[in-house]
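Okay, so here's the structure we're looking at.
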Amino acid sequence: MITRIAAVQRELRSLDIPAVLITNLTDVRYLSGFTGTTAYMLVDIEKAVFFTDSRYSIQAAEEVSENIIVEIVSDYSSIYKERCSFFKKILLQPSCSINISSKIAAQGVEIYLDEKDFMQKLRMIKDNSEISLIKEQYHLAGTAFLRALKLFKYGTSEKSWAAALEYHMKMLGAKGESFETIVASGVRGAMPHGTASAKKVNENEPVIIDFGSRDIYTSDYTRMIYAGNDEEVLKVIDIVRSALEKAVDSIEEGIMCSDIDNTARSYIEEQGYGSYFKHSLGHGVGIDVHELPVLKPKSDFLIEDNMIFTVEPGIYLPEKFGVRLEQTVLINNGKPEIISSILDRYVYNLID
-9 MITRIAAVQR ELRSLDIPAV LITNLTDVRY LSGFTGTTAY MLVDIEKAVF
41 FTDSRYSIQA AEEVSENIIV EIVSDYSSIY KERCSFFKKI LLQPSCSINI
91 SSKIAAQGVE IYLDEKDFMQ KLRMIKDNSE ISLIKEQYHL AGTAFLRALK
141 LFKYGTSEKS WAAALEYHMK MLGAKGESFE TIVASGVRGA MPHGTASAKK
191 VNENEPVIID FGSRDIYTSD YTRMIYAGND EEVLKVIDIV RSALEKAVDS
241 IEEGIMCSDI DNTARSYIEE QGYGSYFKHS LGHGVGIDVH ELPVLKPKSD
291 FLIEDNMIFT VEPGIYLPEK FGVRLEQTVL INNGKPEIIS SILDRYVYNL
341 ID
C-alpha cells in the first residue's frame, strides 16, 4: 500500500495541489485495504489519513495498512469543515457529492475537480498481489461453473441455472457475484445484458452465461451452452470465436485499445454482422469488474504490462438468439496471457 500512496503523492506534486479527498469507496479500498462500506481518505504530500466511524473501528484496525493514520469520527462533516480546511486548495474526485464539495468550499478552500480521474488510471496497472488475487477469482469462478454444469437441466428456469452457479461460487469462498448473473437463452440471448429470468431453458437453444465471482477482487466470464445443430447458430458461434481469437492474437504492449477493438469489429463486419455487435470489445477487471482500460472505437489507451482486461465480442440477432464469448488477458512481458483458461472451451454441453 505504501507504493500506492506514494503514487498519489507524486500526482499531487505534479498538479501542485497539496491534498486530495478520496471519496470513492473502491479507491479507498485500493489505497488502504479496508473492505467496509463507509470510509474516506485525505492524502497530502506527507501523509495519508483514513476516516471511518465507530461501527468499523475493529475492522479498520485489522485491515488498514500500517502506514496510514486511522481516525474514528462521530461526524463525517468534521472531515470537510476541519481537516480539509487546513489546505488552501484541494483536489476532489468526480464522484464527490455537491454536498461535500460545498461544505469544503464554504471553508474558503479552493476546489479543483479531478476531471481525468487519476485514481482510475493508477488502478489500471496491477501489482503482483493484485494479479494473484484476480487469478484466484478466475480459478474460483471457473471451477464453480464446471460444478454447476452438473446441476443445469433443460426445462428449468434461467434463474435456477444462475442460482446453481452462484451457490457454487459462494461454496468455494466467494463473497458474492461480480455483477448480476446473466443467463439468457434462445431469443433472450439477443439482449446483451439479459439477466436470468423465469423463462425455462429449452433443449437445442443457445444459452449465454455471463458471470463472475467477487472477494476483494473480481472475475468475469462468458461461456455458452449449446448442443444443437442449427446452421446459423453454429456459423455465428464460429464468427464470434474467430473474432475473439484474432483480437487476442493482435494484442501486444504499445498497441492502442481501439486497434484491438477494430480487429474484432472489422472481422465481424466482413462477415456481414457488424450492425449486430452492439458494445465495446472489453474492459479492465480489478476491484471493480468494470475498470480501465476500455477496448472500444476511439479508445486511446495504450496497452501496458500488468493490465488485465476482457475481450468479449458478441453478435445479437433480434427475435432469434445471441452469441458472446470471452477471454480475460494479463499483459505479461508485453504479450497476452489468458487467465480465464480453466474453462478451456467456449461452448459446453450439459453433463448428464
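The numbering of the sequence shown is our numbering, which starts it at -9 and goes up by one.
We put the beta carbon where it would ideally sit given N, CA and C, even for glycine.
Just tell me which of the options has its CA closest to the CA of residue i.
i              : options                         : result
arginine 213   : Glu221, Val319, Ala174          : Ala174
glutamate 309  : Thr(-7), Val177, Ser232, Met297 : Val177
alanine 38     : Pro196, Ser150, Gly324, Glu61   : Glu61
serine 330     : Asn57, Ser22, Tyr128, Lys288    : Tyr128
threonine 185  : Ala153, Met159, Met161          : Ala153
asparagine 14  : Val63, Asp107, Cys74            : Asp107
glutamate 126  : Thr253, Phe41, Val63, Met159    : Met159
valine 191     : Thr171, Ala180, Tyr144          : Tyr144
threonine 237  : Asp278, Ile250, Val230, Asp200  : The sequence given here has alanine at residue 237, not threonine. The shortest Cα separation from alanine 237 among Asp278, Ile250, Val230, Asp200 belongs to Ile250.
isoleucine 94  : Lys288, Phe77, Gly264, Arg45    : Phe77
valine 279     : Lys140, Val18, Asp228, Ser209   : Ser209
isoleucine 198 : Tyr216, Asn57, Tyr207           : Tyr216
glycine 244    : Pro326, Leu141, Ile101          : Pro326
glycine 274    : Lys286, Val10, Phe267, Arg314   : Lys286
isoleucine 305 : Arg113, Ile241, Gly264          : Gly264
Report buried or exposed for residue i, applying the criterion of at least 16 other Cβ atoms within 10 angstroms of its Cβ.
i                 : result
phenylalanine 299 : buried
glutamate 347     : Nothing in the structure corresponds to residue 347, since the chain is present only between -9 and 342.
methionine 297    : buried
histidine 362     : The requested residue 362 is not part of the displayed model; the chain covers only -9 to 342.
methionine 161    : exposed
Taking only the alpha-carbon atoms, compute the straight-line gap between residue i and residue j and give it to the nearest angstrom.
i                : j              : result
leucine 136      : isoleucine 59  : 44 Å
alanine 50       : glutamine -1   : 22 Å
aspartate 290    : lysine 111     : 13 Å
isoleucine 258   : leucine 21     : 40 Å
asparagine 89    : serine 150     : 43 Å
tyrosine 30      : threonine -7   : 19 Å
isoleucine 332   : asparagine 339 : 16 Å
glutamate 16     : threonine 25   : Reading the sequence as shown, one finds threonine at residue 16 and not glutamate. Taking the straight line joining both Cα atoms gives about 9 Å.
valine 337       : aspartate 239  : 20 Å
alanine 131      : proline 196    : 21 Å
threonine 42     : tyrosine 66    : 8 Å
arginine 3       : histidine 269  : 38 Å
leucine 271      : valine 284     : 8 Å
methionine -9    : serine 55      : 7 Å
aspartate 6      : glutamine 83   : 16 Å
threonine 28     : asparagine 252 : 41 Å
leucine 32       : serine 64      : 17 Å
alanine -4       : asparagine 118 : 17 Å
glutamate 167    : serine 47      : 27 Å
phenylalanine 40 : cysteine 86    : 16 Å
glutamate 235    : serine 187     : 31 Å
glutamate 344    : arginine 335   : Because the chain in this structure spans residues -9 to 342, residue 344 falls outside the shown range and cannot be described.
Identify whether residue i lies in helix, strand or coil by the three-state DSSP scheme.
i              : result
threonine 146  : coil
alanine 254    : helix
glycine 246    : Before going further, note that residue 246 is methionine rather than glycine in the sequence given. DSSP places methionine 246 in strand when its eight states are reduced to three.
isoleucine 277 : coil
isoleucine 241 : coil
isoleucine 305 : strand
isoleucine 59  : strand
asparagine 192 : coil
serine 203     : strand
threonine 318  : strand
alanine 174    : strand
Rounded C-beta distance between residue i and residue j? I'm assuming under 8 Å.
i                 : j             : result
isoleucine 363    : glutamate 302 : Residue 363 cannot be examined here, being either before or after the span of the chain that is shown, -9 to 342.
serine 203        : alanine 134   : 7 Å
phenylalanine 311 : valine 223    : 6 Å
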